[in-house]
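This note's numbering applies: residue 69 is where the sequence shown begins, and numbers increase by one. A virtual CB, placed ideally from N, CA and C, is assigned to each residue, including glycine. All figures in this text were calculated on a predicted structure; none of them were measured in a lab.
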Amino acid sequence: MLAVASLLDQEYSEKVNKIVIQLDSIFGLKGVQLTPYPHLTWLTTDVSKMSVLKDYLRKLSEQSQPLSARTMGIGIFPGDKPVIYIPILRTREINRFHARLHQEIGEFSDQIGHFYDPNLWMPHLTLALGDTSSWSLAPVLHYLNQFRFDWTMNLDNLCIIKKSGDKFLKEEVYTFGEFVGKK
């Protein structure tokens, strides 16, 4: 599976990374750093022909305008290893863009991740995953309570994030209005 995502701009990447580094330093939470770029995942997918996905993302990005995204609060996906995240509010604009990606990529995809269905998808920025536990939640949430996560940002790109060794790295970045290529 690979991810189709939007990378955050420098300002918000730095804000998220600063918190991620603090969570590592204070609580030993390193798992989220396997993907070293703060991002919003639109969907995960398996495709037979990567070239078809790349062509699609390039064309869509060329005709797309930046999307305004707003965050609010802190969220948790429960489980044995809970995911701690900053929720992104679902606006009509974001919902339409996501539904378009889901439908159009679904036409040539072998599979799309279940949780990225438009009726289930919860857009977010991940702060901790993979090495959390129910016992670590209380102190981590207590720590995160000092921050305000009322942010407004522009999403101006699509990218492919793929597993490479033990990390998840960006393969291609497509800036809205132009093709940027590898970064």
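Of all alpha-carbon atoms in I162, V100, G198, the one lying nearest the alpha-carbon of P186 is that of I162. Excluding the 5 residues flanking it on each side, Q179 has same chain C-beta neighbours closer than 7 Å at T113, D114, in chain order. Here N213 carries a coil assignment [DSSP, helix/strand/coil]. Sequence-distant partners of M221 (beyond 5 residues in either direction) whose C-beta falls short of 7 Å from its own C-beta, in its chain, are L76, D77, Y80, A137. Our two residues, Y153 and F183, have alpha carbons roughly 15 Å apart in a direct line. Cβ-Cβ distances below 6 Å link L125 to L226, Y242 in the same chain, with the five nearest sequence neighbours on each side left out; the list follows chain order. Here the alpha carbon of R164 sits roughly 28 Å from the alpha carbon of E82. Judged by beta-carbon spacing, L97 lies within the 9 Å limit of S204, meaning their Cβ atoms are closer than that value. Residue state for S132 is assigned as coil, using DSSP reduced to three classes.
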